[in-house]
Amino acid sequence: MRKLIIAALLLLSPTVLLANAEGPALQSSNIDLHDQASLQRGAKYFVNYCLGCHSLQYMRYNRLAKDLGIDEVTLRENLLFGDAKPGALMENAMRADDQLKWFGVVVPDLTLVTRWRSPDWVYTYLKSFYVDSTRPYGVNNLMFPLVAMPHGLSNLQGVQEPVFDHHQAGATPVVVGVKLVKEGLLSPKEYDNMVRDITAFLTYAGEPIQLERQRLGVYVLLFLGFLFILAYLMKKEYWKDIH
Numbered sequence: 005m006r007k008l009i010i011a012a013l014l015l016l017s018p019t020v021l022l023a024n025a026e027g028p029a030l031q032s033s034n035i036d037l038h039d040q041a042s043l044q045r046g047a048k049y050f051v052n053y054c055l056g057c058h059s060l061q062y063m064r065y066n067r068l069a070k071d072l073g074i075d076e077v078t079l080r081e082n083l084l085f086g087d088a089k090p091g092a093l094m095e096n097a098m099r100a101d102d103q104l105k106w107f108g109v110v111v112p113d114l115t116l117v118t119r120w121r122s123p124d125w126v127y128t129y130l131k132s133f134y135v136d137s138t139r140p141y142g143v144n145n146l147m148f149p150l151v152a153m154p155h156g157l158s159n160l161q162g163v164q165e166p167v168f169d170h171h172q173a174g175a176t177p178v179v180v181g182v183k184l185v186k187e188g189l190l191s192p193k194e195y196d197n198m199v200r201d202i203t204a205f206l207t208y209a210g211e212p213i214q215l216e217r218q219r220l221g222v223y224v225l226l227f228l229g230f231l232f233i234l235a236y237l238m239k240k241e242y243w244k245d246i247h
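Every number in this note's numbering is 4 more than the matching position in the sequence shown, counting from 1.
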């Protein structure tokens with residue numbers, strides 16, 4: 005037993021260290037995967053603002069439409085561009101060579117980004133861009149220092165400046181937050197709602213079967229509970245005459 009306890013502590017120690025590591029605080033995305041309207045808006049925002057660079061290579065347009073209650077006419081008019089077909093994967097036309105030339109890195113696919121990073125991280129990231137004249141595209145990100153991508157939603161969010169920590173004398177100031185100095189086309193509340201919808205959509209895209217899995221899990225647990233009662237009653241019946 006002692007060895008098992010030690011082994012468990014060793015396995016959990018990296019997680020504990022990671023949880024206690026200093027870093028920007030994540031904001032709660034507070035998404036609701038049951039909110040179909042939010043997922044539909046998120047799909048629209050992603051296709052219009054993100055799909056030009058980032059792909060969802062494991063998601064098909066018609067699967068998205070079926071899950072989110074989008075009819076084919078709406079799908080073709082609002083989510084399909086160029087030569088894309090309803091049964092096609094959600095990929096973009098940007099070549100890897102061009103990505104390296106323009107951004108210095110291959111642009112990541114975002115199908116599993118919320119499973120890798122977490123929905124709260126994605127939500128906070130999309131709200132954490134700030135002006136930085138030293139970067140190629142003039143912006144940096146609190147959650148992802150030295151980020152290579154431009155802020156594709158800057159005209160909607162507005163301009164944010166970094167907040168520095170100057171408490172350590174002689175040390176290089178550290179960016180600890182951001183503040184909005186100029187509003188964009190959306191108010192802060194409207195932008196938050198938009199980012200929340202995008203985060204919800206990406207969370208759905210990372211595991212489209214999630215809600216169905218949770219629904220079936222309830223029935224599985226109920227069945228196991230019923231089976232346990234039957235097993236217990238059978239045990240009592242078999243052992244009732246044995247003292």
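We put the CB at the ideal spot given by N, CA and C, even for glycine.
Taking the CA atoms as reference points, G142 sits about 22 Å from S191. Rounded to whole angstroms, the gap between the alpha carbons of R200 and G210 is 15 Å. The Cβ atoms of V51 and L93 do not sit closer than 8 Å to each other. Residue pairing by DSSP places Q44 opposite no residue, since no beta bridge is assigned to it. In the structure shown, the three-state DSSP call for P123 is helix. A distance below 7 Å between beta-carbons, with the five flanking residues on each side excluded, links L225 to no residue of its chain. Cβ-Cβ distances below 6 Å link L116 to G210 in the same chain, with the five nearest sequence neighbours on each side left out; the list follows chain order. Inclusion of T207 and T118 in the CB contact set at 8 Å is warranted, their separation being smaller than that value. For D169, the enclosing beta strand (DSSP E) stretches over residues G162 to D169. If only uninterrupted alpha helix (DSSP H) runs of at least 4 residues are considered, those enclosed by the segment 76-107 are 76-82 and 100-107. An exposed status is given to W120, since fewer than 16 other beta-carbon atoms sit within 10 Å of its beta-carbon. In this structure the segment 156-167 touches the segment 128-140; the number of beta carbon pairs closer than 8 Å is three or more. Per DSSP, the beta-bridge partners of K186 are V163.
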